[in-house]
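Some notes on the structure that comes next.
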Amino acid sequence: MVVLAASLCTRGGKTIVTRQFREIPKDRITALLASFPKLTSSGTQHTTVEDNDVRYVYQPMEDLYLVLITNMQSNILQDIDTLHLLGQVVSSIVRQVDEREIINNSFEILSAFDEVISLGYRENLTLSQVKTFLEMDSHEEKIHEIIQRNKELEAAEERKLRAKQLELKNKGSSRRDFGSQPSFSSFGSNNVVPQHSTPSPSSYESEERPAKSLGSGSLRGKGLQLGKKKTGALHTLRGSLGSEAETALLMSNAASVHNSSNSIAQNGTKKADDEIENDGIHIAIKEEISAVVERMGNVKSAEVKGSLQLRIADPELTHIEILVTADGASNHYRTHPNVDKNAFLKNKVIKLKDPRRGFPANNQQLSVLRWQLSSNNVEEPLVPLEFHCWFVEADNGGVSAIIEYELIEGYDETLENVVVKIPLSHTVGEVSVTNEQDYEWNQYDDGLEWIIPSITPGTDSASGSFEWVVSGPVEEEDFFPMAIDFKVSQALSSFGKVDVSDVISASDESVSLPFKKDIIVGTDSFAIV
1 MVVLAASLCT RGGKTIVTRQ FREIPKDRIT ALLASFPKLT SSGTQHTTVE
51 DNDVRYVYQP MEDLYLVLIT NMQSNILQDI DTLHLLGQVV SSIVRQVDER
101 EIINNSFEIL SAFDEVISLG YRENLTLSQV KTFLEMDSHE EKIHEIIQRN
151 KELEAAEERK LRAKQLELKN KGSSRRDFGS QPSFSSFGSN NVVPQHSTPS
201 PSSYESEERP AKSLGSGSLR GKGLQLGKKK TGALHTLRGS LGSEAETALL
251 MSNAASVHNS SNSIAQNGTK KADDEIENDG IHIAIKEEIS AVVERMGNVK
301 SAEVKGSLQL RIADPELTHI EILVTADGAS NHYRTHPNVD KNAFLKNKVI
351 KLKDPRRGFP ANNQQLSVLR WQLSSNNVEE PLVPLEFHCW FVEADNGGVS
401 AIIEYELIEG YDETLENVVV KIPLSHTVGE VSVTNEQDYE WNQYDDGLEW
451 IIPSITPGTD SASGSFEWVV SGPVEEEDFF PMAIDFKVSQ ALSSFGKVDV
501 SDVISASDES VSLPFKKDII VGTDSFAIV
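Position 225 (the sequence shown) corresponds to 225 in the UniProt record's numbering; numbering is contiguous.
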């Protein structure tokens, strides 16, 4: 009971598209389809004909034939049912069943054939299910286009803000220049040349600081505040999306909030990493967490990307071998192209393929090992925090909201600078924060920011909550996606189970070399949806 091929051909037997489900030569299928019209009779109502060793199950579609080529033992009733389903799928894909339309939509038609028939056997699917499976590819493309459009809109808004900042800066500079000019009298004016003061480097620096603070100014307090501004790109695009597309867009928006609000901090962190005192060998194990968690605590997706970065300042220490531990699955790790992969897989040693060469001694970070973990391929949890959100309608028509966190059991690291960014809709009126645990918080035009200095296992900070009340017409969805940011600067272990045990000389393995090591864990994009 096997379908050998599904094809669309002309009334004369010319093949337009065909999909073989068994290993049959192309010439054989072409010959079978060429001989097929000779076996049919226009005066009969049969939809099957048989040749010496195959059976044709066919259906006329305007000027074409939809044909299933099966073996003689195939179940004719099931084949006819499969044929009707394929006919419905083809009719739903093309506007008109003719040769040009079939060729233009050949990829979609062949994909539909593969969904309905697998290795010659019919899948138990309905027309709506096949349509859903076919739309998933284009659906993801639409999601990508929407995300790109959202980024373009945000970039345009950022350009406008920077232009405004530059304009304010130029106006301030013009005022100072005007004030520095000498006063002119009516006598000897031809001998007087206006002297414009050239700003010194310190004056540029003093102008730069207000421009940066303009975009990130905050009002810190515990009272009320009015007036919320709508984030246009997100609200314009959310309404017409499905759940999967909206989740992807929410992740994109959360990531953009995360990146924009922390760009200065990230630049400072990067600069601090580069300025770590290093007079020999410094090794940094860095990991970034990307996650989407539901408001009731379930983890929808989680991913950890990590790298082992080597920095050498002494040219005398370039010919080295790094002894590491990597207890995860081998397919999770990838070495630098110049690193001996076999030495790493067999002996967990990071060294160069060419022993005559040495690692660069430019005191710049070089990623020699990378790894990537997903919640789909590891059993251990990749998200150290669990969040729960609660919403209750208030008496004034608003909403009372609580978000609580808890450090997961078994995680022994201290999280630093934990920031929860909560978006607020433009329809929100007054906002009141109930801050029983005396957390630090900020309120901006478009959101709240809850700041937790540190979360340490085994202490009161291992769990906590934040409550706020808003008035006016507001819905639960207006508070999402929330963006989470944190860092572990001196971790004892990594999610990728990577550590450095020793650094030895490549010429003499008995010589152990001094080195510094840091394990740093942070967030890339962490959203509550």
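Positions of the beta carbon are idealized from the N, C-alpha and C atoms, including for glycine.
Residue i (DSSP reduced to helix, strand or coil)
| i | result |
| --- | --- |
| Arg100 | helix |
| Glu277 | coil |
| Thr414 | coil |
| Ile408 | coil |
| His336 | coil |
| Phe387 | strand |
| Glu288 | strand |
| Thr269 | Residue placement at Thr269 is poorly supported in this model, since its pLDDT is 47, which falls under 50; the coordinates still yield a value, given next. Of the three classes helix, strand and coil, the one that applies to Thr269 here is helix, per DSSP. |
| Asn442 | strand |
| Ala34 | helix |
| Glu152 | helix |
| Pro473 | coil |
| Val521 | strand |
| His144 | helix |
| Arg311 | strand |
| Thr126 | coil |
| Ala491 | coil |
| Gln365 | coil |
| Phe479 | helix |
| Lys421 | strand |
| Ala163 | helix |
| Asp460 | helix |
| Ala5 | strand |
| Ser330 | helix |
| Asp485 | strand |
| Glu393 | strand |
| Ile24 | coil |
| Lys169 | helix |
| Ile528 | strand |
Beta-carbon separation (whole angstroms), residue i vs residue j, contact threshold 8 Å
| i | j | result |
| --- | --- | --- |
| Leu127 | Val89 | 7 Å |
| Leu373 | Gly522 | With 8 Å as the limit, Leu373 and Gly522 do not qualify as a contact, their Cβ atoms being about 15 Å apart. |
| Thr70 | Val54 | 7 Å |
| Ala291 | Ala302 | 4 Å |
| Arg19 | Asp114 | 7 Å |
| Glu288 | Lys305 | 5 Å |
| Glu416 | Val488 | 7 Å |
| Ile285 | Leu317 | In fact, because the Cβ distance is near 19 Å, the residues do not count as touching under 8 Å. |
| Val57 | Ile80 | 6 Å |
| Leu134 | Ala112 | 6 Å |
| Leu407 | Ser463 | 7 Å |
| Glu99 | Thr10 | 7 Å |
| Leu83 | Leu68 | 5 Å |
Residue burial classification, residue i (beta-carbon count within 10 angstroms, cutoff 16)
| i | result |
| --- | --- |
| Thr434 | exposed |
| Lys351 | buried |
| Ser189 | In this prediction, Ser189 scores a pLDDT of 39, lower than 50, which makes its location untrustworthy; no coordinate-derived value is stated. |
| Glu509 | exposed |
| Ala156 | exposed |
| Trp468 | buried |
| Ile103 | exposed |
| Lys14 | exposed |
| His336 | buried |
| Ala527 | buried |
| Val392 | exposed |
| Met72 | exposed |
| Gly268 | Note on Gly268: pLDDT 46, under 50, position unreliable in the model; the coordinate value appears next. Result: exposed. |
| Gln309 | buried |
| Phe36 | buried |
| Ile403 | buried |
| His144 | exposed |
| Tyr121 | exposed |
| Gly397 | exposed |
| Thr325 | exposed |
| Gly12 | exposed |
| Thr132 | exposed |
| Asn150 | buried |
One or two residues paired with residue i in a DSSP bridge
| i | result |
| --- | --- |
| Gly306 | Glu287 and Trp371 |
| Ser465 | Glu404 |
| Ile452 | Val418 |
| Arg19 | Ala6 |
| Glu321 | Ile504 |
| Thr434 | Glu467 |
| Leu352 | Val339 |
| Lys516 | His282 |
Which whole runs of the beta strand (DSSP E) in the region 47–118 are 3 residues long or more, in chain order?
Inside the region 47–118, DSSP marks whole beta strand (DSSP E) runs of 3 or more residues at positions 48–50, 54–61 and 64–71, from first to last along the chain.
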